[in-house]
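I have placed the structure first, in the form of structure tokens, so that the comments after it can refer back to it.
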Amino acid sequence: MVNVPSHQPVIHFEKIAEMLRDNVDTDGIIIISTNPEHGPYTIIDGTHRSSMLIRQNKLAGAKAFLGISKDLSQCIWSVESS
14 MVNVPSHQPV IHFEKIAEML RDNVDTDGII IISTNPEHGP YTIIDGTHRS
64 SMLIRQNKLA GAKAFLGISK DLSQCIWSVE SS
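As numbered in this note's numbering, residues 14 to 95 make up the sequence shown, in order.
Given below as structure tokens:
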């Protein structure tokens, strides 16, 4: 289990609130990865934009790049990371 500083979730939520206030453009591609094609999926770029899109009920249909790897156990962002 990775130890995450207790302030990190607060910073994430503050960043999303700031993006919502500033009407940040969400047209960027979200990059996700997976080991088997059916998931689990890990967002490796675009976590703030994805969170903002969820808050706006606009995540469905967002542009994404899906990378598939045979072994994500060494990727620090993966849910499969050791």
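C-beta atoms are modelled at their ideal positions from N, C-alpha and C, and glycine is treated no differently.
Inset, instruction - Could you tell me which of Met65, Gly80, Val37 and Leu79 sits nearest to Phe26, measuring between CA atoms? - result: In the sequence shown, residue 26 corresponds to position 13, counting from 1. Per the Cα distances, Met65.
Inset, instruction - May I ask you to list the residues that DSSP assigns as paired with Ile57? - result: Position 44 of the sequence shown, counted from the start, is the residue given in the question as residue 57. Bridge partners of Ile57: none, in fact.
Legend entry - With 16 other Cβ atoms within 10 Å as the buried cut-off, status of Ile43: On the sequence shown, position 30 is the one that residue 43 refers to. Its Cβ being crowded by 16 or more others within 10 Å, Ile43 is buried.
Legend entry - Alpha-carbon spacing of Ile45 relative to Ile24, whole angstroms: Along the sequence shown, read from residue 1 onward, the residue named residue 45 stands at position 32. Along the sequence shown, read from residue 1 onward, the residue named residue 24 stands at position 11. It is roughly 22 Å from the alpha-carbon of Ile45 to the alpha-carbon of Ile24.
Legend entry - Nearest-angstrom Cα separation, counted from Lys83 out to Ala30: The sequence position of residue 30 within the sequence shown is 17, counting from 1. The sequence position of residue 83 within the sequence shown is 70, counting from 1. Answer to the nearest angstrom: the Cα atoms are 36 Å apart.
Legend entry - Those runs of the beta strand (DSSP E) which lie wholly inside the segment 25 to 51 and span at least 3 residues: The segment 25 to 51 contains these whole beta strand (DSSP E) runs: 43 to 47.
Inset, instruction - Report yes if the CB atom of Thr47 is closer than 8 Å to the CB atom of Thr60, and no otherwise. - result: As a first step, residue 47 is located in the sequence shown; it is residue number 34 there, counting from the start. As a first step, residue 60 is located in the sequence shown; it is residue number 47 there, counting from the start. With a cutoff of 8 Å on beta-carbon distance, Thr47 and Thr60 are scored as not near each other.
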